[in-house]
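J.: Okay, handing you the structure first.
2 protein chains.
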Amino acid sequence: MASWDDMRVFLAVARAESLSRAAPTLRMDAATVGRRIARLEAGLGAALFVKSPQGYALTDLGVRMRDHAADAEASLTQAVEEARGDQAGLTGQIRIGAPDGAANYLLPQVCAAIAAENPGLEIQVLALPRVVNLSKREADMAITVSPPQAGRLTVQKVSDYRLHLAASKSETIENMDDLKGHRIVGYIPDMIFDKELDYLGDFGADGVQVASNSVAVQVMALRSGAGVGIMHDFALPFAPELKRVLVNELSLTRSFYLVRHVSDRSSDRLNRFAAALNHGLKAEISRLERLVA
Amino acid sequence: MASWDDMRVFLAVARAESLSRAAPTLRMDAATVGRRIARLEAGLGAALFVKSPQGYALTDLGVRMRDHAADAEASLTQAVEEARGDQAGLTGQIRIGAPDGAANYLLPQVCAAIAAENPGLEIQVLALPRVVNLSKREADMAITVSPPQAGRLTVQKVSDYRLHLAASKSETIENMDDLKGHRIVGYIPDMIFDKELDYLGDFGADGVQVASNSVAVQVMALRSGAGVGIMHDFALPFAPELKRVLVNELSLTRSFYLVRHVSDRSSDRLNRFAAALNHGLKAEISRLERLVA
DNA sequence: TTGCTGTCCTGCATTTTTGCAAAATGAATT
DNA sequence: AATTCATTTTGCAAAAATGCAGGACAGCAA
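Keeping their order, the protein sequence lines are chains A and B. When the count follows the working numbering, it moves up by one through the first sequence with no breaks and lands on 294 for the last residue. When the count follows the working numbering, it moves up by one through the second sequence with no breaks and lands on 294 for the last residue.
In structure tokens:
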């Protein structure tokens, strides 16, 4: 094996299925990436990708090689973590994917606290309107609203959280009938990526008048009096113009899960971060929900 | 992990315990190797080696990292073997360590036959007057005269072989007493690296008059009439001036073993080569021993 | 001590690799 | 059928890595 680095770029291209998308993760130019793949294939005497202006698609052989390359990556990561483990405190870069409710109203505070305790640590919060693809290493770990179905992933429950109807304080809604006179704010129906998020469907709301794929946008809509919508309790302290309504009539409970790669289970560094994140999230949800109660 | 290649040179240096000795195996200049280790350590912020004019010795951390790097190497090797497996026939480079008796009189023919059937294959025979260190990857596999004691190695018995006293045809030795008048040719006593090679000790020879650490040199000595010595039956067909003597009075049997890394057990390529080598050696020993009988 | 041998380290010319910008490609859409 | 779009590929100048040769240093032997 002449160049291990060529395998590193191979793995990135195999995951991105494109030179141009792999390039930024490698911090290289796409041209360089292409040349190195060409060199690797020449050395192997076999084709790893079928190339087209639509991207690089793995061949049969390429798929098999990708798995071995991923194994190598895991070993190498463990190697550098041996070194990291020697210094006190967490260092390096950790990227965490999350649905935007958590990304907006929970993670900033929690991550700030963790970062403050670990000066060498760089935390990246990836707010995504869809489920994060950990297998492709889009992130080191992810917060989800339902435990993942498949894949080589470990999952642990973080905490329950509660949702209620909320509206601007200037509105008066005291019974279910009052709802008729208000517009509904919620998710864009066909962009609900997890059935746990289909709050309104649960009690058969007719339609959504103001919709967004982003919880943060929904909050802003509510604050400006756009109507009434289902809102996370933990988000309310950030929106003083809002109040919960019909708390007794309608109350939902959901859960956050922390999802990780199985192959990361032996990473002391990620274990420590996950523990801190788990603890921090629990505490922050609890703190915020007490504020609105 | 910025550069996988730096880990490759790290692994080489860790094995060689010296920049200058690692350099040729990496096909790089020692200066480059040193610079890359320096870069790796700087990136990690930790020392992997204690440096001295006696070489590079691993630190505690370095040892742990070496094991992970070796794991990565195994995965990467498997990756390229996926590709190799796709072409028919064996390709690439295989290095096999052997004691010099086998290296001189068995392996050349056997390897030539295997190489003839696999045009892309490059076989290197490493004749060593000591036991090969497979853990340090001095060779991909090794022929030994006794099964290895420790280490993560797999061993399979190849074949028995026989040894008898031999001397130039011009000498007359017909009973044990005739031996007294002849010089003994054998191993240099303190350079016997395996007790199985201490043929003469078995029947209490006084001393060795003409000695070498190399079986080939011993054969040349016998051919030029230097005396009498224990010789592999399979070597005799290459020395027409020699004849076996006292065949009934003295006869030894030893065995060859084929030793490999356990982590190579899943390498189809090495498995195929090992099978061919095993079969070839068995056949060649049998053929040669029939010639002298 | 003095020389000798093996190592690692440093300065400079050369080679290799890289990034950028432009051109080519091929599928999907107007 | 022409165009648009996001790709990959190619040409060339700049940057980085490399090899070589000379130097420094520690251990060892005469």
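All residues carry an ideal CB built from backbone N, CA and C; glycine is no exception.
Out of A:E42, A:A140, A:K244, A:A236, which has the shortest C-alpha to C-alpha gap to Q110 (chain A)?
T.: Taking the first residue of the first sequence as 1, we reach residue 110 (chain A) at position 109. Here the closest residue by C-alpha is A:A236.
J.: Taking H233 (chain B) as the reference, which of B:A58, B:K244, B:I189 has the closest Cα?
T.: Along the second sequence, read from residue 1 onward, the residue named residue 233 (chain B) stands at position 232. The option with the nearest alpha carbon to H233 (chain B) is B:K244.
J.: Kindly indicate which residue of A:G102, A:M142, A:A151, A:D7 has the alpha-carbon position closest to the one of L278 (chain A).
T.: Working through the first sequence from its first residue, we reach residue 278 (chain A) at position 277. Ranking A:G102, A:M142, A:A151, A:D7 by Cα distance to L278 (chain A) puts A:M142 first.
J.: Would you please verify whether the beta carbon of R37 (chain B) is less than 7 Å from any beta carbon of chain A?
T.: One-based indexing of the second sequence puts residue 37 (chain B) at position 36. For R37 (chain B), the answer is no, since every Cβ of chain A falls outside 7 Å of its Cβ.
J.: With distance defined between alpha-carbon atoms, name the residue in B:Q125, B:G226, B:H165, B:S264 nearest to V248 (chain B).
T.: Within the second sequence, residue 248 (chain B) is the residue found at index 247, counting from 1. V248 (chain B) has its Cα closest to that of B:H165, out of B:Q125, B:G226, B:H165, B:S264.
J.: Quick one: using the 10 Å Cβ neighbour count with 16 as the cut-off for buried, is L180 (chain A) buried or exposed?
T.: One-based indexing of the first sequence puts residue 180 (chain A) at position 179. Label assigned to L180 (chain A): buried.
J.: Could you tell me the distance, in whole angstroms, from the CA atom of S268 (chain A) to the CA atom of T155 (chain A)?
T.: Numbered from its first residue, the first sequence carries residue 268 (chain A) at position 267. Numbered from its first residue, the first sequence carries residue 155 (chain A) at position 154. Computed Cα separation, rounded: 13 Å.
J.: Looking at W5 (chain B) and D72 (chain A), is the spacing between their C-beta atoms short of 7 Å?
T.: Position 71 of the first sequence holds residue 72 (chain A). Position 4 of the second sequence holds residue 5 (chain B). Their beta carbons are not under 7 Å apart, which means D72 (chain A) does not touch W5 (chain B) by this criterion.
J.: Would you list the one or two residues that DSSP bridges to E123 (chain B)?
T.: What you label residue 123 (chain B) is simply residue 122 of the second sequence in a count that begins at 1. Bridge partners of E123 (chain B): B:Q94.
J.: Under 7 Å, do M2 (chain A) and L91 (chain B) count as touching if we go by C-beta distance?
T.: The sequence position of residue 2 (chain A) within the first sequence is 1, counting from 1. The sequence position of residue 91 (chain B) within the second sequence is 90, counting from 1. No. Outside cutoff.
J.: Should Q125 (chain A) be flagged as near chain B, meaning a C-beta pair shorter than 7 Å?
T.: Locating residue 125 (chain A) in the first sequence gives position 124, counting from the first residue. No, Q125 (chain A) lies away from the interface with chain B (no Cβ there is under 7 Å from its Cβ).
J.: Distance check for H262 (chain B) and R153 (chain B), CA to CA, integer angstroms please.
T.: Taking the second sequence and counting its residues from 1, one reaches residue 153 (chain B) at position 152. Taking the second sequence and counting its residues from 1, one reaches residue 262 (chain B) at position 261. The alpha-carbon atoms of R153 (chain B) and H262 (chain B) are separated by roughly 6 Å.
J.: Measuring CA to CA, which of B:L107, B:Q79, B:I124 is closest to H280 (chain B)?
T.: Looking up residue 280 (chain B) in the second sequence gives position 279. Checked all of B:L107, B:Q79, B:I124; the closest Cα to H280 (chain B) is B:L107.
J.: On the DSSP bridge list, what partners appear for I144 (chain A)?
T.: Along the first sequence, one-based indexing puts residue 144 (chain A) at 143. In the DSSP output, where bridge partners are listed per residue, I144 (chain A) has A:L259.
J.: Looking at C-alpha atoms only, which residue of B:D87, B:E172, B:D68 is the closest neighbour of S136 (chain B)?
T.: For the purposes of this step, residue 136 (chain B) is taken as the residue at position 135 of the second sequence. Of the candidates B:D87, B:E172, B:D68, the one whose C-alpha sits nearest the C-alpha of S136 (chain B) is B:D68.
J.: How would you list, in chain order, the residues of chain B whose beta-carbon sits under 7 Å from the beta-carbon of Q79 (chain A)?
T.: Residue numbering aside, residue 79 (chain A) sits at position 78 when the first sequence is read from its first letter. In chain order: H69.
J.: Who are the Cβ neighbours of M29 (chain B) in its own chain at under 8 Å, not counting the five residues just before and after it?
T.: Walking along the second sequence from the start, residue 29 (chain B) turns up at place 28. Only V10 meet the Cβ criterion.
J.: According to DSSP, is R163 (chain A) part of a helix, a strand, or is it coil?
T.: Mapped onto the first sequence, residue 163 (chain A) falls at position 162. In the structure shown, R163 (chain A) sits in a strand (DSSP, three-state: E or B).
J.: If you count every other CB in all the chains shown that lies within 10 Å of the CB of V64 (chain B), and 16 or more means buried, which is it?
T.: Along the second sequence, read from residue 1 onward, the residue named residue 64 (chain B) stands at position 63. By the 10 Å Cβ count, V64 (chain B) comes out exposed.
J.: Check the Cβ of D72 (chain B) against every Cβ in chain A and list those closer than 7 Å, keeping chain order.
T.: In the second sequence, residue 72 (chain B) corresponds to position 71, counting from 1. By Cβ distance, chain A contributes S76.
J.: For I231 (chain A), report the span of its beta strand (DSSP E) as first-last.
T.: For the purposes of this step, residue 231 (chain A) is taken as residue 230 along the first sequence, with counting starting at 1. Segment 229 to 233, the beta strand (DSSP E) holding I231 (chain A).
J.: Does DSSP put R138 (chain A) in a helix, a strand or coil?
T.: Here residue 138 (chain A) corresponds to residue number 137 of the first sequence, with the count starting at 1. The answer is coil: DSSP assigns R138 (chain A) none of H, G, I, E or B.
J.: For R138 (chain A), would you say it is in contact with chain B, using Cβ-to-Cβ distances shorter than 7 Å as the test?
T.: If you number the first sequence from 1, residue 138 (chain A) lands on position 137. So, not an interface residue.
J.: Strictly under 7 Å for the Cβ-Cβ distance: is R9 (chain A) near chain B by that measure?
T.: Working through the first sequence from its first residue, we reach residue 9 (chain A) at position 8. R9 (chain A) counts as touching chain B.
J.: Classify A103 (chain A): buried if its beta carbon has 16 or more other beta carbons within 10 angstroms, exposed otherwise.
T.: Here residue 103 (chain A) refers to the residue found at position 102 when the first sequence is read from its first residue. By the neighbour-count rule (16 or more Cβ atoms within 10 Å), A103 (chain A) is buried.
J.: Listing by chain order, which chain A residues have their CB less than 7 Å from the CB of R65 (chain B)?
T.: In the second sequence, counting from the first residue as 1, residue 65 (chain B) sits at position 64. Those are E83, listed as they occur along chain A.
J.: Closer than 9 Å by beta-carbon distance: list the chain B residues that pair up with Q88 (chain A), in chain order.
T.: Locating residue 88 (chain A) in the first sequence gives position 87, where the first residue counts as 1. By Cβ distance, chain B contributes G46, A47.
J.: Go ahead and pull the three-state DSSP assignment for A48 (chain A).
T.: Mapped onto the first sequence, residue 48 (chain A) falls at position 47. A48 (chain A) falls in the coil class under three-state DSSP.
J.: CB-CB under 6 Å to L216 (chain A), same chain, minus the five flanking residues each way: which ones, in chain order?
T.: Stepping through the first sequence from its first residue, residue 216 (chain A) is reached at position 215. The displayed chain sequence assigns Val, not Leu, to residue 216 (chain A). Only D101, G102 meet the Cβ criterion.
J.: Does any residue of chain B have a CB that is nearer than 7 Å to the CB of L271 (chain A)?
T.: Here residue 271 (chain A) is taken as the residue at index 270 of the first sequence, counted from 1. False, the Cβ-Cβ gap to chain B never drops below 7 Å.
J.: Is Q55 (chain A) helix, strand or coil by DSSP?
T.: As a working note, residue 55 (chain A) is residue 54 in the first sequence. Of the three classes helix, strand and coil, the one that applies to Q55 (chain A) here is coil, per DSSP.
J.: What residues in the region 4 to 34 of chain A bring their beta carbon closer than 7 Å to a beta carbon of chain B?
T.: Going along the region 4 to 34 of chain A in chain order, one finds S4, W5, D6, M8, R9 with a Cβ nearer than 7 Å to chain B.
J.: Could you tell me how far apart the beta carbons of V146 (chain A) and R288 (chain A) are, in whole angstroms, since I believe they sit closer than 8 Å?
T.: By one-based count along the first sequence, residue 146 (chain A) stands at place 145. By one-based count along the first sequence, residue 288 (chain A) stands at place 287. By a beta-carbon distance limit of 8 Å, V146 (chain A) does not contact R288 (chain A). Their separation comes to about 20 Å.
J.: Within 7 Å (strictly less), CB to CB, does M2 (chain B) reach chain A?
T.: Within the second sequence, the letter at position 1 stands for residue 2 (chain B). It does; some Cβ of chain A falls within 7 Å.
J.: At a Cβ threshold of 7 Å, is L135 (chain A) touching chain B?
T.: Along the first sequence, one-based indexing puts residue 135 (chain A) at 134. With 7 Å as the cut-off, L135 (chain A) does not count as an interface residue toward chain B.
J.: Drop a sphere of 10 angstroms on the beta-carbon of I124 (chain A), count the other beta-carbons inside from all chains shown, and report buried for 16 or more, exposed for fewer.
T.: Your numbering for residue 124 (chain A) matches position 123 in the first sequence. I124 (chain A) should be labelled buried.
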